[in-house]
Amino acid sequence: MNYFQHVAEQWNLHGGEPVNDAESMVIRALVDGLPDDHTVIPSISIPHRRRRDEIDAIVVTPHVLVLVETKGIYKPVRVTEQLYEVGGERRDHPVNITELKAKRLKGKVVKALPDLKRKLWVHHQVVFAWQPPIYDVEESMKRWVCLLPQAVGRIADPELFTSPGNVPVDLPVDKVLQALGVGAEARRRQETFKQYRTNVLLE
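Numbered by full-length UniProt numbering, the letters in the sequence shown go through residues 1 to 203 in order.
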């Protein structure tokens, strides 16, 4: 469904490719649904000191950066502030993980563009590509977790991610893209088979 007349730009100088069907669905929906002053960066790996953050997508809006974590789950899902369960099994909380990635992402951009230190808003969304059979999200977590049909409207609304009374600044989009492109690489393709994950696919 197109929410706006023109589609968003997809910035992909690093050659990033979605690593699974869920990511493909979410990235396509963002590119097709967001307005043309938004830029979608798919599947990128960004270095931070001795580690790399694997990021499903970053959306550069005119005012806010949004880090997107995608989920494609066929089992019942429960999300509270303290708990993330899939099929009754407790897993690492994607909101906490994504929040930390967002903080490191902000640090990287601010290092390249120090004038944005107190002005840059970097936020995060966990987006489920399709609705699990049970989708139980605690009210306090609904700001950070959504289904794909809600994602475009949320990301296109800068007021959702900013505090009342604070007006988001206009981001120098070209400079932000340059900052993100320094040292960034495409993510290694991963395939998941049941509980096992592999980093390379032998042919």
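Don't be surprised by glycine CBs; every beta carbon is placed ideally from N, CA and C.
All of these numbers come straight from a predicted model, not from anything done at the bench.
Assignment of beta-bridge partners to K111 by DSSP yields no partner. Check the Cα spacing between E138 and each of R52, K175 and V95: the tightest is with V95. Annotation for R143: no beta strand (DSSP E) segment contains it, and DSSP assigns it neither H nor E. Contact check for L180 against V60 passes: the beta carbons are separated by less than 9 Å.
Shown here, I155 sits in a helix according to DSSP, grouped into three states. Remark: C-beta atoms of A22 and W130 approach each other more closely than 9 Å. Beta-bridge analysis with DSSP links Y135 to V77. Approximately 13 Å separates the beta-carbon atoms of T39 and L67; this is outside 8 Å, ruling out the contact.
With contact defined as three or more Cβ pairs closer than 8 Å, the stretch 7 to 14 and the stretch 34 to 49 are in contact.
Restricting attention to I27, D56 and P35, the CA atom closest to the CA of S45 is found in D56. The alpha-carbon separation between L65 and L116 amounts to approximately 12 Å.
The beta carbon of M25 sits closer than 7 Å to the beta carbons of A129 and L148 from its chain, once the five residues preceding and following it are set aside; these are given in chain order. Put simply, of L160, V86 and T70 the residue whose alpha carbon is nearest the alpha carbon of L30 is T70.
If the five residues before and after Y135 are omitted, its C-beta is found closer than 6 Å to the C-beta atoms of V77, all from its own chain and listed in chain order. Rounded to whole angstroms, the separation of the alpha carbons of M141 and V79 is 7 Å. Rounded to the nearest angstrom, the Cβ distance from V176 to V86 is 34 Å, too far for a contact under 8 Å. In the structure shown, the three-state DSSP call for A57 is strand.
Rounded to the nearest angstrom, the Cβ distance from P62 to D170 is 6 Å, consistent with a contact under 8 Å. Beta-bridge pairing by DSSP links P149 to no other residue. Here DSSP, grouped into helix, strand and coil, assigns V95 to helix.
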